[in-house]
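Undergrad:
Protein chains in written order, with this note's numbering: chain A, 1 to 112; chain B, 1001 to 1114.
(1) On the premise that residue 1078 (chain B) lies in contact with residue 1012 (chain B), defined as a C-beta separation below 8 Å, what is that separation, rounded to the nearest angstrom?
(2) Under 7 Å, CB to CB, which of the residues in the stretch 1013–1042 of chain B have a partner in chain A?
(3) List the endpoints of the continuous beta strand (DSSP E) containing residue 46 (chain A).
(4) Contact criterion: CB-CB distance below 9 Å. Does residue 1102 (chain B) meet it with respect to chain A?
(5) Count the other C-beta atoms from every protein chain shown that fall within 10 angstroms of the C-beta of residue 8 (chain A), then say buried if there are 16 or more, exposed otherwise.
(6) From residue 19 (chain A) to residue 33 (chain A), what does the alpha carbon distance come to, in whole angstroms?
(7) Under the assumption that residue 55 (chain A) contacts residue 69 (chain A) (Cβ atoms under 8 Å), give the Cβ distance between them as a whole number of angstroms.
(8) Can you check DSSP and say which residues form a bridge with residue 76 (chain A)?
(9) Thinking just about the alpha-carbon of each residue, which of B:1066, B:1104, B:1082, B:1072 is nearest to the one in residue 1021 (chain B)?
(10) Run through the DSSP bridge pairs and tell me what residue 1025 (chain B) is partnered with.
(11) Buried or exposed, going by whether 16 or more other CB atoms sit within 10 Å of the CB of residue 44 (chain A)?
(12) So that I know if they touch, is there some Cβ in chain C lying closer than 9 Å to that of residue 1061 (chain B)?
(13) Around the C-beta of residue 1113 (chain B), are 16 or more other C-beta atoms found within 10 angstroms, so that it is buried, or is it exposed?
(14) Is the CB of residue 21 (chain A) under 9 Å away from at least one CB in chain B?
(15) Smallest Cα separation from residue 80 (chain A): which of A:1, A:11, A:57?
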């Protein structure tokens, strides 16, 4: 079945630095790739997503890139702030709105 | 604002008990999902439903069942709870249309089976 690998499992950066989280997927039919942020004691919340017909998408300090040939996609956070500290999950599915397969998560710590 | 609510934040049950976890969404969403979250394993899909009275197995359905009698409510049932089902359980819903695809999550239920 579909498998999503996520690296690194933990990431520590200084405030103002950039953070990059990478994911690879196995199902070549996947075409929807969301990223979720989970703060302590809360459910995951969507922060950005990308479809297979787009190579890059930006939303302020957050960007996602997709390489369909290599079957990997990445989350980039620039000018990190302490409130970016959370667990981040990548996910993939064949169709938006359907069941997602999640990576194992990355715990991001931003120190001031 | 979409709201997904789960019946309990914390639950403690004994081995062998039948356990019901309830999830309700208030935005008329078609699709609903149950995941469990364990440290180092991420979120794993247990069951999902794309319509009332419809259910599909996810990646780890063993030991669980679900019920969707009404569109807004999706229940996860542990027929006979075991200690290896101690986990965080997350419910999610989505409209089901390609252009409105965000999955909204509830706050989770932390279940401990003794």
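C-beta atoms are modelled at their ideal positions from N, C-alpha and C, and glycine is treated no differently.
TA: Once the coordinates are examined:
(1) 13 Å between Cβ atoms; not a contact.
(2) 1031, 1033, 1040, 1041, 1042
(3) 45–51
(4) yes
(5) exposed
(6) 18 Å
(7) With 8 Å as the limit, residue 55 (chain A) and residue 69 (chain A) do not qualify as a contact, their Cβ atoms being about 11 Å apart.
(8) A:20, A:63
(9) B:1066
(10) B:1004
(11) buried
(12) Among the protein chains of the structure shown, namely A and B, there is no chain C.
(13) buried
(14) no
(15) A:11
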